[in-house]
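Read the structure below first, then the notes.
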Amino acid sequence: ADAVRVLLDAGANPNVRQSAGWTPLHAAAMNGDLTSVELLLAAGADPTATNEEGRSVIDLANESGDDATADRIGSAIQAAP
1 ADAVRVLLDA GANPNVRQSA GWTPLHAAAM NGDLTSVELL LAAGADPTAT
51 NEEGRSVIDL ANESGDDATA DRIGSAIQAA P
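In terms of this note's numbering, the sequence shown opens at residue 1 and continues consecutively.
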């Protein structure tokens, strides 16, 4: 989470995608990293993003086994326009 905070403070795009379409929020969700998820969402990360395989952020959060992370992403999806 510290690295995420430093990058966001330096102006990093929270929705940047790597070659397979993964966003930082995908990685944080997969790792059950609630602190990073919170930071990324506060910076404008898209909770509805899917990667090139069609895997969504909430899919990865659910697979992580971290209920708090999955719940937070679920709430962000419900609040998304």
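For each residue, glycine too, the CB sits at the ideal point set by N, CA and C.
The continuous alpha helix (DSSP H) containing Gln-78 extends over residues 67-79.
Where Ala-27 is concerned, the enclosing alpha helix (DSSP H) starts and stops at 24-30.
With a threshold of 16 other beta carbon atoms within 10 Å, Thr-35 falls short and is exposed.
Beta bridge pairing from DSSP links Ser-56 with Thr-50. In this structure, the CA atom of Glu-53 is about 8 Å from the CA atom of Ala-20.
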